[in-house]
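One gets this note's numbering by counting positions in the sequence shown from 1 and adding 48 to each. Read the structure below first, then the notes.
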Amino acid sequence: MASTTATLIPLEAVDPAMIEAVLDRAFGADRHARTAYRIREGMDWLPGLSMAALDEHDMLVATIQCWPIGLQTKQGQVPLVMVG
(Lines of atoms letter the chains of each structure in order from A and count residues from 1; the text may use other names and numbers.)
(Lines give C-alpha, C1' and ligand atoms only; values in the text may rest on other atoms or scores of the structure.)
Protein backbone atom coordinates (compact mmCIF):
# COMPACT_ATOMS: atom_id res chain seq x y z
CA MET A 1 0.00 0.00 0.00
CA ALA A 2 1.41 3.40 -0.97
CA SER A 3 1.99 5.98 1.71
CA THR A 4 0.48 9.40 1.10
CA THR A 5 1.41 12.50 3.03
CA ALA A 6 -0.67 15.65 3.17
CA THR A 7 0.65 19.10 3.92
CA LEU A 8 -1.58 21.38 5.98
CA ILE A 9 -1.64 25.09 5.20
CA PRO A 10 -3.91 27.93 6.33
CA LEU A 11 -7.13 27.92 4.32
CA GLU A 12 -6.78 31.64 3.67
CA ALA A 13 -3.70 30.84 1.50
CA VAL A 14 -5.89 28.93 -1.01
CA ASP A 15 -7.80 30.43 -3.93
CA PRO A 16 -11.51 30.50 -2.93
CA ALA A 17 -12.48 29.08 -6.35
CA MET A 18 -10.35 26.00 -5.63
CA ILE A 19 -12.05 25.55 -2.26
CA GLU A 20 -15.48 25.75 -3.88
CA ALA A 21 -14.47 23.21 -6.53
CA VAL A 22 -13.28 20.69 -3.92
CA LEU A 23 -16.44 21.14 -1.85
CA ASP A 24 -18.65 20.77 -4.94
CA ARG A 25 -16.90 17.50 -5.82
CA ALA A 26 -17.20 16.20 -2.27
CA PHE A 27 -20.74 17.29 -1.40
CA GLY A 28 -22.41 18.24 -4.68
CA ALA A 29 -23.32 21.57 -6.20
CA ASP A 30 -26.56 21.65 -4.17
CA ARG A 31 -24.67 21.58 -0.85
CA HIS A 32 -25.66 25.18 -0.04
CA ALA A 33 -29.22 24.00 0.69
CA ARG A 34 -28.03 21.83 3.59
CA THR A 35 -28.80 22.75 7.19
CA ALA A 36 -25.15 23.38 8.07
CA TYR A 37 -24.93 26.06 5.39
CA ARG A 38 -28.09 27.73 6.63
CA ILE A 39 -26.84 27.75 10.24
CA ARG A 40 -23.62 29.55 9.33
CA GLU A 41 -25.15 31.77 6.63
CA GLY A 42 -23.59 35.24 6.65
CA MET A 43 -20.69 34.17 8.87
CA ASP A 44 -17.04 34.04 7.85
CA TRP A 45 -15.00 30.97 8.75
CA LEU A 46 -12.34 31.38 11.44
CA PRO A 47 -8.96 31.77 9.67
CA GLY A 48 -6.88 30.58 12.63
CA LEU A 49 -8.80 27.29 12.84
CA SER A 50 -9.45 26.56 9.15
CA MET A 51 -6.95 24.52 7.14
CA ALA A 52 -6.36 23.05 3.70
CA ALA A 53 -4.64 19.77 2.85
CA LEU A 54 -2.36 19.59 -0.18
CA ASP A 55 -1.11 16.33 -1.68
CA GLU A 56 2.48 15.63 -2.72
CA HIS A 57 1.83 17.56 -5.97
CA ASP A 58 0.50 20.61 -4.07
CA MET A 59 -3.03 19.89 -5.27
CA LEU A 60 -5.87 20.80 -2.91
CA VAL A 61 -7.45 17.56 -1.66
CA ALA A 62 -9.39 18.60 1.44
CA THR A 63 -10.41 21.47 3.66
CA ILE A 64 -11.54 21.83 7.24
CA GLN A 65 -13.39 24.99 8.16
CA CYS A 66 -14.44 26.23 11.57
CA TRP A 67 -17.32 28.68 11.94
CA PRO A 68 -18.47 30.74 14.93
CA ILE A 69 -22.07 29.94 15.84
CA GLY A 70 -24.21 30.28 18.94
CA LEU A 71 -26.72 28.13 20.77
CA GLN A 72 -29.63 30.01 22.29
CA THR A 73 -30.61 28.80 25.79
CA LYS A 74 -32.88 30.16 28.52
CA GLN A 75 -29.77 31.63 30.15
CA GLY A 76 -28.61 33.35 26.96
CA GLN A 77 -26.46 32.55 23.99
CA VAL A 78 -23.62 30.02 24.25
CA PRO A 79 -20.78 30.57 21.77
CA LEU A 80 -19.78 27.44 19.83
CA VAL A 81 -17.50 26.50 16.96
CA MET A 82 -18.98 24.44 14.12
CA VAL A 83 -16.44 22.24 12.36
CA GLY A 84 -17.04 21.14 8.80
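All C-beta atoms, glycine included, are put in the ideal place defined by N, C-alpha and C. Since the model is a prediction, treat every value here as computed from it, not as a measurement.
Within the chosen definition, does the stretch 99-110 reach the stretch 59-68 through at least 3 CB pairs nearer than 8 Å?
yes
Ignore the nearest five residues each way along the sequence and tell me which others in residue 118's own chain have a CB closer than 6 Å to its CB.
125 and 127
Return the chain-ordered list of same chain residues with a C-beta closer than 8 Å to the C-beta of residue 85, the five sequence neighbours on each side being excluded.
79
Contained beta strand (DSSP E) runs [length at least 3] in the stretch 49-93, N- to C-terminal order:
55-58
Check whether the stretch 104-111 and the stretch 62-71 touch, using three or more Cβ-Cβ pairs below 8 Å as the test.
yes
Just the C-alpha distance for residue 53 and residue 105, rounded to the nearest angstrom, thanks.
10 Å
For residue 81 and residue 94, I'd like the C-alpha separation in whole angstroms.
21 Å
Is the CB-CB distance between residue 204 and residue 64 below 8 Å?
This structure cannot settle anything about residue 204, because the visible part of the chain is limited to 49 through 132.
Check each candidate in 130, 121, 107 and 132 and name the one with the smallest Cα separation from residue 55.
107
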